[in-house]
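**Q** As numbered in this note's numbering, the sequence shown has no gaps in its residue numbers, which increase by one up to the final residue, 364.
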Amino acid sequence: MFKILLPILLLLCSAVVQAETRNPDGYFFEQTFGDFKAELENARKNGQSGALVMFEMEGCPYCRKMRETVLSQAEVQDWYRKHFVIFSVDVKGDTPLVDFNGANVTEKAFAARFNVKYTPLFQFFDLDGKPTASFTGVTKGGVKEFLALGRWVVEGAYAKDSFADYKKAYQ
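1) Check for me: the beta strand (DSSP E) holding G243 runs from which residue to which?
2) Here's the rule: buried if 16 or more other CB atoms are within 10 angstroms of the residue's CB, otherwise exposed. What is T288?
3) Tell me whether A326 sits in a helix, a strand or coil according to DSSP, three-state version.
4) With which residues is V347 paired in a DSSP beta bridge?
5) By Cβ distance below 6 Å, which residues in the same chain neighbour F337 in space, the five residues on each side in sequence not counted?
6) What ranges does the alpha helix (DSSP H) occupy inside the region 253-279, keeping only unbroken runs of at least 4 residues that lie completely in it?
7) In terms of alpha-carbon separation, which member of E300, A304, Q241, F248 lies closest to F226?
8) For Y311, collect the residues of the same chain with a Cβ closer than 6 Å to its Cβ; drop the 5 residues on either side in sequence, then sort them by chain order.
9) Ignore the nearest five residues each way along the sequence and tell me which others in F339's own chain have a CB closer than 7 Å to its CB.
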């Protein structure tokens, strides 16, 4: 009997896990026309904390890992979308966008302003479009650590504590 129930149980468990994941392009990142200034105004109107930009590039294995293991999780998507407007910027991209100050730039020109050397780089901005905190790479603690990163910014703890110290206090 156990031999029959085990495959069924495994199938059910995998279905539950799949139900909790969603495509980051549709559920984490904003569907935008590239006007960051207008999107930031929407964030202000909606009571959000600011903006989050993920600087990434095609073929980056660390970007892919974050997208597949963390940014695809419904819990992460729902929490971050509640607190931030979120954009993806290709550090080598030529797609035009309007920055937080209203200037027309390309994705790669916008990324160059932040001296992006490694991807992914998660750059947070306040409601005035000023950079506040950043995180480079893959969160070693997966979903839990990425949610802590967001709380660190929303609570304003980045202004007084390093993320490493903040994480220690909440473990």
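We treat Cβ as the ideally placed atom computed from N, Cα and C, and that holds for glycine.
**A** So, from the listed chains and residues:
1) 243-249
2) Label assigned to T288: exposed.
3) strand
4) Answer is none; V347 lacks a bridge partner.
5) Inspection of the sequence shows that residue 337 is occupied by Lys rather than by Phe. Closer than 6 Å at Cβ, skipping near neighbours: no residue.
6) Those alpha helix (DSSP H) runs which fall completely within the region 253-279 and span 4+ residues are 254-262, 267-276.
7) Here the closest residue by C-alpha is E300.
8) T329
9) Here the set comprises V263, V269, T332.
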